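Each remark here refers to the structure printed beneath this line.
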Amino acid sequence: MPLDAPDRPAFLLLHGWQHHRPDGHWLRWLDGRLSDAGHDSSYPQLPDPDRPDLRTWLDALDERLTALRGREIVVCHSLGCLLWLHAVARRPGRVLAGRVLLVAPPAPETAAGHPEIAAFAHSGVTGRDVAAAAPGGTRLVASDNDPYCPEGALAVFATPLGLDSDLLPGGAHLDLDAGYGPWPAVLDWCLDPGVRVVPAASSPGAGHVVAE
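Each residue of the sequence shown is one higher than the one before, counting from 806 in my numbering.
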């Protein structure tokens, strides 16, 4: 699909720390499914994912968002979620995307405890900023036992930012180690924002979801 097609969304998938687009990861699976269906999907390898530089990642994100003029649907995992929140905080009140999915964001305190990603920890973003950045809505998807967000993502992100949320029991960091390879529910959400995101079939929490 050409980038200037005005009536159809494009998809941008943002990965996290130490992520090298591995075979089997749900982000890679999702990119393939969207592309196979004829959608404009981008799953870029962000620079130096083992020692990410916040400014470099923000500049890379800005380039893609500028080209697509706010019609993008953004799906973030892990540190990609904190990247998105920083992008929103530095453009308060500006529409950056159509809608956004934040999957398993690490707690700012967790990020601050790792020198390689400490700069990503605190964005200062507000719920009003998040709502303005994606008029179609921002959804949080998180587990109830993520080791990178021990305080609980609902308390850390959903409540203060006013986010619609899907809580997936036993899903840990919602990554390959937790059984998150193919994940049809995220593909369904990409195509229909009213769909609730449920666990992947191969995950420990398959069959369970709590909408908040």
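Beta carbons are placed, not taken as given, at the ideal position from N, Cα and C, and that holds for glycine.
Given the structure is predicted, the values throughout are model-derived calculations rather than measurements.
Beta strand (DSSP E) segment containing residue i, residue limits
i	result
cysteine 954	First-last for cysteine 954: undefined, no H or E at that position.
leucine 972	969 to 973
histidine 882	877 to 882
leucine 832	Leucine 832 -> not in any beta strand (DSSP E); alpha helix (DSSP H) instead, spanning 831 to 841.
alanine 926	It is not in any beta strand (DSSP E) - alanine 926 carries neither H nor E in the DSSP assignment.
valine 905	904 to 908
Buried versus exposed call for residue i [16 or more other C-beta atoms within 10 Å across all chains shown]
i	result
glutamate 868	exposed
glycine 932	exposed
glutamate 914	exposed
alanine 1006	exposed
glycine 821	buried
arginine 813	exposed
glycine 999	exposed
histidine 824	buried
aspartate 997	exposed
proline 897	exposed
threonine 871	exposed
threonine 943	buried
aspartate 836	buried
methionine 806	Below a pLDDT of 50, predicted positions are generally treated as unreliable, and methionine 806, at 36, falls in that range; the measurement from the model is reported next regardless. Classification for methionine 806: exposed.
leucine 808	Interpretation of leucine 808 is limited by its pLDDT of 42, a score under 50 that renders its predicted location unreliable; the figure taken from the coordinates is listed afterwards. Exposed, by the Cβ-count rule.
Cβ-Cβ distance between residue i and residue j below 9 angstroms
i	j	result
alanine 917	alanine 909	no
leucine 972	alanine 990	no
valine 880	leucine 901	no
Run of the alpha helix (DSSP H) containing residue i, from where it starts to where it stops
i	result
alanine 916	913 to 917
Closest residue to residue i among the options (Cα-Cα distance)
i	options	result
glycine 941	Gly903, Asp853, Leu966, Ala960	Gly903
proline 877	Ala815, Asp828, Glu921	Correcting the residue identity first, residue 877 is glutamate in this sequence and not proline. When only C-alpha atoms are compared, the closest one is Ala815.
proline 1026	Leu839, Tyr848, Gly843, Ala842	Look at the range of the chain in this structure, 806 to 1017, and you will see that residue 1026 is not part of it.
alanine 977	Pro854, Arg838, Ser883, Leu839	Ser883
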